[in-house]
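Numbering (UniProt numbering), first residue to last: 1 to 1034.
Positions of the beta carbon are idealized from the N, C-alpha and C atoms, including for glycine.
Note that the coordinates shown come from a computational prediction; the quantities given were computed from them, not determined experimentally.
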Amino acid sequence: MSGCLITQECCYSTDPLKPQQMDMLITSRPFAGASLAYNPLIFEQTDLYETEDRLAHVACCLNSPDRFCRRFYQLRPVGDCDPNPALGWSPLYGDPHVTALDGRQYIFNGLGEFTMATVRTAHVSFTLQARTQRAELRPGTPTNGTVFTAVGAEENGVRVFLQIDPNTNTTLILFANNIDYTRQLQQEGDNFVLDHEGVMIVQDNNTCVVTFPSGIGLQISVSMKALAIGVSFPTMFRNMTKGLLGNFNGDNTDDFVLPGGQVLRNNLTEKQILSMFCLQWAVDNSSTVMRYEARMGPKDYNHPEFQPVFLDELDALVRREAEGLCGTKNLPCIYDFLATGNKDFALSTADQQKLSDDLMKQSKNSLPSVKVPAAAYVSVGVQKTVFINGSDPDVNDRLTYRIVDDAKGAVNINSSSGAITIFLKTLDPIKIQVYVVDEVGGQSTVESLPLVVCSGCEGHGLCNESDPRDVSGDSYFQYAVCQCQPAWTGNNCELDKDGCSDNPCHPLQTCADVPASQQGSSDVGYRCSDCPPGFSSRNGSQDCIDIDECGNSSLHKCDMKCHNTYGGYECSCQEGFRLSTDGRTCADVNECLESTHDCRQVCNNTEGGYLCECEPGYSYDEITKDCIMDSSLSGVCQASGCSQGCSVATDPSSSSSIPLCFCYQGYDLDPRDNATCVDRDECRDKVCDQVCNNTAGGFSCSCYDGFALNKDERTCSACPYLKYGPECRETCTCSGRSVACHPVRGCVCQDGWTGKSCEEDVDECAENPDVCGTQKRCVNNKGSYSCVCRPGYATTDDGVCQGTEYDDGNINECSTSNPCSEQEDCTNIPGGFYCTCKVGYIKIGSNCTDIDECKLNISDCQQECVNVPGYFNCDCKYGYRLTADRDIVLKSAPMVHTDRTVLKSAHAVKVQNSVTSHPVVCVAMVGKGTNVDECASHETNKCKQRCDNTAGSYRCSCSAAGYILNNDGFTCKGQRTCAQRERFRKITKLLYKPTLAHHGSDVQLSSLSSSCLQQQALNSFLIKVVGKSGGERR
1 MSGCLITQEC CYSTDPLKPQ QMDMLITSRP FAGASLAYNP LIFEQTDLYE TEDRLAHVAC
61 CLNSPDRFCR RFYQLRPVGD CDPNPALGWS PLYGDPHVTA LDGRQYIFNG LGEFTMATVR
121 TAHVSFTLQA RTQRAELRPG TPTNGTVFTA VGAEENGVRV FLQIDPNTNT TLILFANNID
181 YTRQLQQEGD NFVLDHEGVM IVQDNNTCVV TFPSGIGLQI SVSMKALAIG VSFPTMFRNM
241 TKGLLGNFNG DNTDDFVLPG GQVLRNNLTE KQILSMFCLQ WAVDNSSTVM RYEARMGPKD
301 YNHPEFQPVF LDELDALVRR EAEGLCGTKN LPCIYDFLAT GNKDFALSTA DQQKLSDDLM
361 KQSKNSLPSV KVPAAAYVSV GVQKTVFING SDPDVNDRLT YRIVDDAKGA VNINSSSGAI
421 TIFLKTLDPI KIQVYVVDEV GGQSTVESLP LVVCSGCEGH GLCNESDPRD VSGDSYFQYA
481 VCQCQPAWTG NNCELDKDGC SDNPCHPLQT CADVPASQQG SSDVGYRCSD CPPGFSSRNG
541 SQDCIDIDEC GNSSLHKCDM KCHNTYGGYE CSCQEGFRLS TDGRTCADVN ECLESTHDCR
601 QVCNNTEGGY LCECEPGYSY DEITKDCIMD SSLSGVCQAS GCSQGCSVAT DPSSSSSIPL
661 CFCYQGYDLD PRDNATCVDR DECRDKVCDQ VCNNTAGGFS CSCYDGFALN KDERTCSACP
721 YLKYGPECRE TCTCSGRSVA CHPVRGCVCQ DGWTGKSCEE DVDECAENPD VCGTQKRCVN
781 NKGSYSCVCR PGYATTDDGV CQGTEYDDGN INECSTSNPC SEQEDCTNIP GGFYCTCKVG
841 YIKIGSNCTD IDECKLNISD CQQECVNVPG YFNCDCKYGY RLTADRDIVL KSAPMVHTDR
901 TVLKSAHAVK VQNSVTSHPV VCVAMVGKGT NVDECASHET NKCKQRCDNT AGSYRCSCSA
961 AGYILNNDGF TCKGQRTCAQ RERFRKITKL LYKPTLAHHG SDVQLSSLSS SCLQQQALNS
1021 FLIKVVGKSG GERR
């Protein structure tokens, strides 16, 4: 993970089950925005953000107990997110009534296509345009009023176009990046969600909500055969806007800015506003972002010669009837009635005016805030009152205090003072969430009031409110820890404490618990039996202390030495003596008999020792410890043939000296010649405790592994603590990972470790691959192993592999991380997922490639087919339009000159310019008449680059590299590179993940995302996105 946290995530409530909290900033676990280690708006960090930030939050707070979530927010604290929308809001409705971004209102009554707003910065290029047409409230009867019928917007090359469907006059036609989404919009209704490249579009309550990455948003609906359009701009675009929505700078007196930058005076008449200001923003072929039917463009809609009704030029008497209907102050309603003569249309405008005023108030309103105490300390059965404090930057706003849930009457709030009354009858957990509302309807964030509840401790203790404990992992409802009386225990002091549970008595004593009813307030809740032998009680207490028997000769029976031990004593002997089997008396060791002496010739045992002597004719040398032959013997013994010792004896028969051979210790005289000494095998006499090794003239004793030879060099003793091996020469150094030191093997390692010093990890997974069963897989750890759920599953608190989204225990990877590509659908399966190409794509190699339905002739279009990524659009030849279901062609209404001349043709007509005297050219349909090559005539060929003649028509395209066809169907524009498109796609895809909204420290991108957050506070476009999945996080 990154060494520091670089940005902050802000999250807002979108739970449709809690409408009073819609769009509120979430500030409490588990859905509050956290500090991020990686910025998801930076392409190089997107994968790291996914693994280190988003999935970490999911694991700790959505799939784990609350204690892990608390730890997560300790490491990733909640930051300061601004709950205020910080937007400029502009409503457009009726016989066009415009409220500029600074609040300047005027009646706009032009006929054509106009640029409503433009923004040009280093990172954002935005254009908003709208089309007005004559209002026909009754079929075939145009009025003097105009209405909005279409709107087009483009941000950084991504276009959106919406238009009233002329087949119904009640529904919308929707194009995004030249793809027709009308049918999908009609079928899905308020479930429609389009997370497209560089734009998000949703439908909410029959309103199409469009939001761009910059935070600029549109809300578009149909009312009375006209579009009602809401436009919102983040405040970061102050002093950057031009167009009919004015200069967004907080000053409503300088909104009439011409394309060249000239500012007109503020007190223009309606006619001057139209001629001097509005018409200057008329759309032409070079600036249009609108969409057109075949061979049509801006000139087919722009009518500067149109003369509307100007309200400020009407006689007061004419206005009287309208004022009677609308009131004297509702100018939009008055104008629409006078322009159209339709009461319903005028009253609809009045409703739009009221809604507009409300939205304007909300956009300028500062949201209140609320603070709650650190905790409320309450006791069951005792009423408690605490106060919360609300504040509002708009100091004159009256605040209303509210609670989200009254917990079945356990919680009440005074809406005026903020006093919360709490009365708990049980210990069942509740959650107190509060917020405040100002006069405009602006709501604060929802804050949770932590509760610390005293259970009463069953009357056997006192509550320590400063030491709470969690209940079911929820830190917003905690119990105060009970400090129990000595005789009681348990969370609520409800259990008689077992006084023997801590083993207070000596191991050899018997412990008896004292019942709480008898113990009372005494600290001692147990009784111990009498002390065992070797111990005595201290000063009448129940503690047992060791008796030193060696300090009192009457208490021990040792012959020689006494050594005190814990609870007893041990006897030992002086050198030359051995402890008898009674463990007390000592017996002399006969070194001569046991061959433990070092005498050369003769050994005589003594009490506690031995003496060395020599054979006759030899003398003992005390220094060398050896026997020296007398010189008188040398002559006799020289020819004796004795292999070792030689002594002299007198032959009784001859009285002469004769040699007698003898052997040294460890040898015996060979009876065959009485001269040669042969080795004696002492081991046959079992002189050693354990192992005897015979040597020439002697022997040596040794011990088994785990024992050491004693000083007598005959007996063996077991190795002392931490010693092991041959002669106990090795020492156990077990790295703190042993359970014992074995006298033979050494370190007895804990499970999971091996090696001489327990330094090597055991790979249990390799030793037993099936150790975890079938549902889990084995993961080797240092000193142990873990059984984790196989991919696609998560572990519950009970250790069972189970998911969070399906009853069969399967985690839906498709909803948590969407591992498939943008051209693939993700299908969840138990323990995993698989990816398949979306409709309109086919698998070629490892990639999903677009199917060209038009080229393969598999579309259902009647006339023209236009291939788009993943789909196709049906289009019509000139003079025709699609029906509402977008696949059947109907003949268009007759084209009309401004002099009201109806243009007729047997098949189809083409008007070169509907507002000039250019001739009408009739074009034969396929299979009828003679085909005309429009590309061959300058009068009929309007293509700017390439023209291809077709049966009954022609088609324009772009021949120059790097250019694409504009929406007018004739002109070409430069195209972004693949790298630019891919980078922008990645960024915008991150911006519109339905679970997140961000702002951060990145200079170029954070400003965009923060404004997007603010936009969401007013536009509800993410409500449906997350509401369908039942979450609260975005």
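Proximity to Y724 [Cα-Cα], best of N693, K756, E760 | K756
Burial state of Q519 (16 or more Cβ within 10 Å) | buried
Between which two residues does the beta strand (DSSP E) harbouring T836 extend?
-> 832-837
Sorted by chain position, which residues of the same chain lie with C-beta nearer than 7 Å to V739's C-beta, five sequence neighbours on each side aside?
-> Residues V748, Q750 of the same chain have their beta carbon placed closer than 7 Å to that of V739, with the five preceding and five following residues left out of the count.
Residue ranges of each beta strand (DSSP E) within the segment 416-463, 3 or longer = Whole beta strand (DSSP E) segments, 3+ residues: 419-422, 432-437, 447-449, 451-454.
Select from C586, T585, N604 the residue whose C-alpha is nearest the C-alpha of E594.
-> Cα-wise, what sits closest to E594 is N604.
Separation of D875 from I164, as counted between CA atoms | 17 Å
For C10, which of helix, strand or coil comes out of DSSP?
-> C10: coil per DSSP, three-state reduction.
For L424, does the count of other Cβ atoms within 10 angstroms reach 16, so buried, or fall short, so exposed?
-> buried
Bridge partners of W488, per DSSP?
-> D496
Buried or exposed for K686, please, with buried defined as at least 16 other CB atoms from any protein chain shown within 10 angstroms of its CB.
-> Exposed.
Go to Y620, then tell me how far its beta strand (DSSP E) extends in each direction, as first and last residue.
-> 618-621
Please state whether DSSP places Y38 in a helix, a strand or coil.
-> coil
Leaving out five residues before and five after E9 in sequence, what residues of the same chain have Cβ atoms less than 6 Å from its Cβ?
-> G33, A34, L36, H998
Validate contact between the segment 344-356 and the segment 208-227 using beta carbons, cut 8 Å, 3 pairs = The segment 344-356 vs the segment 208-227: in contact.
Simplified DSSP assignment, three categories, for M236 | helix
Have a look at the DSSP bridge pairing and note the partners of A708.
-> S717
How should K928 be labelled, buried or exposed, when 16 other C-beta atoms within 10 angstroms of its C-beta is the threshold for buried?
-> Interpretation of K928 is limited by its pLDDT of 36, a score under 50 that renders its predicted location unreliable; the figure taken from the coordinates is listed afterwards. With fewer than 16 other beta carbons inside 10 angstroms of its own, K928 counts as exposed.
Would you kindly work out how many angstroms separate the C-alpha atoms of Y476 and A419, rounded to a whole number?
-> 19 Å
Does DSSP classify K877 as helix, strand or coil?
-> Three-state result, K877: coil.
Check I628 in the structure and name its three-state DSSP category.
-> strand
According to DSSP, residues forming a beta bridge with N412 = Partner(s): T421.
Is K225 helix, strand or coil when you go by DSSP?
-> Note: K225 maps to coil in three-state DSSP.
V337 to Q272, Cα distance in whole Å?
-> Looking at the sequence provided, one finds Phe at residue 337 rather than Val. Answer to the nearest angstrom: the Cα atoms are 22 Å apart.
Could you name each continuous alpha helix (DSSP H) segment of 4 residues or more that falls completely within the segment 298-328, going from the start of the chain to the end?
-> DSSP assignment within the segment 298-328 yields the following whole alpha helix (DSSP H) runs of 4 residues or more, N-terminal first: 316-326.
Check whether the Cβ atoms of K557 and R584 sit closer than 8 Å, and answer yes or no.
-> yes
Who pairs with P468 in a beta bridge, going by DSSP?
-> Per DSSP, A480.
Please report how far the alpha carbon of C627 lies from the alpha carbon of P720, in whole angstroms.
-> Rounded to whole angstroms, C627 to P720 spans 41 Å at the Cα level.
Close beta carbons around S536, own chain, < 8 Å, minus the five adjacent residues each side | Exclusion of the five residues before and after S536 leaves C544, I545, I547 as the residues of its chain whose Cβ lies within less than 8 Å of its Cβ.
Entirely within the segment 738-780 and at least 4 residues each: give me those alpha helix (DSSP H) ranges in chain order.
-> 764-767
Exposure label - F387; buried when at least 16 CB within 10 Å | Exposed.
Would you report the Cα separation of R320 and A130, rounded to the nearest angstrom?
-> 32 Å
Enumerated in chain order, which unbroken segments of the beta strand (DSSP E) with a length of 3 residues or greater are wholly contained in the segment 515-566?
-> Assignment of beta strand (DSSP E) within the segment 515-566, counting only whole runs of 3 or more residues, yields 526-528, 535-537, 544-546, 561-565 in chain order.
What is the residue span of the beta strand (DSSP E) that C571 lies within?
-> 568-572
To which residues does DSSP link D668 through a beta bridge?
-> V678
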